[in-house]
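Q:
Residue numbers (my numbering), protein chains in the order written: chain A, 49 to 164; chain B, 165 to 277.
Here it is as structure tokens:
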């Protein structure tokens, strides 16, 4: 069964600090996909990144970066030089290639509060 | 393209009432699903469909019904609302397996009193 754990429920930082969100996953499938979503106070889910299990390259997109390590089953997310607009709940999610109905399993989410 | 459209955005129900949450997508996606979001638990799968006429249960199906008569529409029915169904509901669609990603609706905030 697939499982995603986000151990940090809430992180508070001051603007311009870096913040790293942890994500640990469990799966028996060899082919799977990992996602990060942002949920701002307005409530919608904003897609940030998708990574497949065969691509362990780290990725950087502006102030966002992701570190995927299959050896530790982790897919961590770092926001560099945080801004108030980064305040949101962030979800890590996993989809197994063989999952019925294309099921997406979410972690419990990490609330990030960036103070000015 | 509208993507995935959910209606209504907000709803208050009394215990025992029934209602239908609407979800429509215009991307010809074969997969559609309903999730509920509760504090600290992320999103959990309620029901899903892999094509018109085919539906199945997810992780938390009790108290909900779905049908998929067309590719575009996937309504979620609450048969007899209970306070435990107070939640935010998201509809999602995708084409094929996870490699192609998911498109989420904007959510429906439901309160059962």
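We treat Cβ as the ideally placed atom computed from N, Cα and C, and that holds for glycine.
Quantities reported herein were computed from a predicted structural model and do not represent experimental measurements.
Could you tell me the distance, in whole angstroms, from the CA atom of residue 157 of chain A to the CA atom of residue 218 of chain B?
A: The residue labelled residue 157 of chain A in the question sits at position 109 within the first chain. The residue labelled residue 218 of chain B in the question sits at position 54 within the second chain. Distance between the alpha carbons of residue 157 of chain A and residue 218 of chain B is about 31 Å.
Q: Go through its chain and collect everything with a Cβ distance to residue 215 of chain B's Cβ below 6 Å, but skip five positions before and after it.
A: Locating residue 215 of chain B in the second chain gives position 51, counting from the first residue. Cβ within range, chain order: 194.
Q: If we call anything under 8 Å between Cβ atoms a contact, is residue 201 of chain B one with residue 258 of chain B?
A: As a working note, residue 201 of chain B is residue 37 in the second chain. As a working note, residue 258 of chain B is residue 94 in the second chain. No, they are not a contact pair.
Q: Does DSSP put residue 118 of chain A in a helix, a strand or coil?
A: As a first step, residue 118 of chain A must be located in the first chain, where it is residue number 70. If DSSP states are grouped into helix, strand and coil, residue 118 of chain A belongs with the helices.
Q: Is the stretch 82-90 of chain A close to the stretch 166-183 of chain B, with three or more CB pairs under 8 Å?
A: The stretch 82-90 of chain A, when compared against the stretch 166-183 of chain B, does not touch it at the 8 Å Cβ threshold.
Q: If you count every other CB in all the chains shown that lies within 10 Å of the CB of residue 92 of chain A, and 16 or more means buried, which is it?
A: The count along the first chain starts at 1 and reaches residue 92 of chain A at position 44. Taking all protein chains shown into account, residue 92 of chain A has fewer than 16 neighbouring C-beta atoms within 10 Å of its C-beta and is therefore exposed.
Q: Under 8 Å, Cβ to Cβ, is there at least one residue of chain B near residue 104 of chain A?
A: Taking the first chain and counting its residues from 1, the one referred to as residue 104 of chain A is at position 56. At a cut-off of 8 Å between beta carbons, residue 104 of chain A makes no contact with chain B.
Q: Can you give the Cα-Cα distance for residue 58 of chain A and residue 227 of chain B, rounded to whole angstroms?
A: As a working note, residue 58 of chain A is residue 10 in the first chain. As a working note, residue 227 of chain B is residue 63 in the second chain. C-alpha separation (whole angstroms): 31 Å.
Q: Mind pulling the chain A residues with CB within less than 9 Å of residue 212 of chain B?
A: Residue 212 of chain B sits at position 48 when you count from the first residue of the second chain. Per Cβ cutoff of 9 Å: 148, 149, 150 and 151.
Q: Are residue 66 of chain A and residue 108 of chain A closer than 8 Å when you measure CB to CB?
A: For this step, residue 66 of chain A is matched to residue 18 along the first chain. For this step, residue 108 of chain A is matched to residue 60 along the first chain. Going by C-beta atoms, residue 66 of chain A is not nearer than 8 Å to residue 108 of chain A.
Q: Name, going along the chain, the residues of the stretch 182-207 of chain B whose beta-carbon falls closer than 7 Å to a beta-carbon of chain A.
A: 195, 197, 204, 205, 206 and 207
Q: In angstroms with no decimal places, state the Cα-to-Cα distance between residue 213 of chain B and residue 197 of chain B.
A: Indexing the second chain from 1 puts residue 213 of chain B at position 49. Indexing the second chain from 1 puts residue 197 of chain B at position 33. The straight-line gap from Cα to Cα measures roughly 6 Å.
Q: Starting from residue 215 of chain B, trace the beta strand (DSSP E) in both directions and tell me its first and last residue.
A: On the second chain, position 51 is the one that residue 215 of chain B refers to. Looking at the DSSP string, the run of the beta strand (DSSP E) that includes residue 215 of chain B is 207-215.
Q: Residue range of the beta strand (DSSP E) that residue 159 of chain A falls in?
A: Stepping through the first chain from its first residue, residue 159 of chain A is reached at position 111. Note, residue 159 of chain A: beta strand (DSSP E), 158-163.
Q: So, at 6 Å on beta carbons, what are the nonlocal neighbours of residue 69 of chain A in its own chain, with the 5 sequence-adjacent residues on each side left out?
A: For the purposes of this step, residue 69 of chain A is identified with residue 21 of the first chain, where counting begins at 1. Cβ within range, chain order: 125, 138 and 158.
Q: Shortest alpha-carbon distance to residue 191 of chain B belongs to which of B/234, B/247 and B/245?
A: In the second chain, residue 191 of chain B corresponds to position 27, counting from 1. Among B/234, B/247 and B/245, the Cα nearest to that of residue 191 of chain B is on B/234.
Q: Would you list the one or two residues that DSSP bridges to residue 98 of chain A?
A: Taking the first residue of the first chain as position 1, residue 98 of chain A is located at position 50. Answer is A/83, bridged to residue 98 of chain A.
Q: Starting from residue 109 of chain A, follow the beta strand (DSSP E) in both directions and report where the run begins and ends.
A: Position 61 of the first chain, counted from the first residue, corresponds to residue 109 of chain A. First-last of the beta strand (DSSP E) with residue 109 of chain A: 107-109.
Q: Is the Cβ-Cβ distance between residue 140 of chain A and residue 52 of chain A less than 8 Å?
A: Mapped onto the first chain, residue 140 of chain A falls at position 92. Mapped onto the first chain, residue 52 of chain A falls at position 4. Closer than 8 Å, so yes.
Q: Could you give the distance in angstroms between the alpha-carbon of residue 276 of chain B and the alpha-carbon of residue 239 of chain B?
A: Here residue 276 of chain B is taken as the residue at index 112 of the second chain, counted from 1. Here residue 239 of chain B is taken as the residue at index 75 of the second chain, counted from 1. So the two alpha carbons sit approximately 19 Å from each other.
Q: Can you look up residue 192 of chain B in the DSSP assignment and give me helix, strand or coil?
A: Counted from its first residue, the second chain places residue 192 of chain B at position 28. Residue state, collapsed to three classes: coil.
Q: Is there at least one Cβ from chain B nearer than 8 Å to residue 95 of chain A's Cβ?
A: By one-based count along the first chain, residue 95 of chain A stands at place 47. True, the Cβ-Cβ gap to chain B drops below 8 Å.
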